[in-house]
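Presented below is the structure to which this report refers.
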Amino acid sequence: MDKVPLITLLFYSLPESFLIFSFGLVIYKKVIKPAPIVLATVCSVLSSYIARLLPLPYGVHTIIGFLVVFILFYTVLGLSIKQSLLSALLSLGTLVALENTILNFIQYYLHFSVKDVIALSPLDKTLIGWPHLFVWAVLTFFIKKKYLTNQTTVC
């Protein structure tokens, strides 16, 4: 059981989930429409919050989260099953890669151990996650603007 603080839910989980869906659409050259992405984001964050409240073994909430993202790409955002699967894998893989790389750099630069990061306040834990979200947002924007000129509408 892992209760997520409200500040983390609002200022980390929501932007992270929004980027998961935005990135997944951008890599398939889909037009990003705010309403369906916001709906998918809210559904994803709520399901993740509920999954973390359940007494599940460590890591099961991650599997549930992946399945929810896959289903939302398919049902809410209108991608095919194959596109939904690949979008979920690529989005979550990119998230993990950026998060691990940038958080490790921050830990090294600030001389933080894993225990130090775990001991941070909810606000500090939220703030320490923003750099990789910022990098991901810039990366998504750059890909969308520079490389994906022929887009198709989704939803």
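Letter by letter, the sequence shown follows residues 1326 to 1480 of the numbering used here.
We put the beta carbon where it would ideally sit given N, CA and C, even for glycine.
| Cβ atoms of Val1439 and Arg1377: under 9 Å apart, would you say? | no
| Which first and last residues belong to the alpha helix (DSSP H) in which Val1439 is found? | Following the DSSP letters along the chain, one finds Val1439 inside the alpha helix (DSSP H) bounded by residues Val1439 to Ile1443.
| field | DSSP three-state assignment for Pro1361, whether helix, strand or coil | value | Helix at Pro1361.
| field | CA-to-CA distance, Ser1373 to Val1442, given in whole angstroms | value | 21 Å
| Proximity test, Cβ basis, 9 Å: Ile1427 and chain B | Absent here is chain B; the protein component of the structure consists of one chain.
| query | Pairing CB atoms from the segment 1420-1427 with CB atoms from the segment 1385-1396, are three or more of them under 8 Å? | reply | no
| Are the segment 1403-1416 and the segment 1444-1457 touching by the rule of at least three beta carbon pairs closer than 8 Å? | Pairwise C-beta distances place the segment 1403-1416 out of contact with the segment 1444-1457, as fewer than three of them are shorter than 8 Å.
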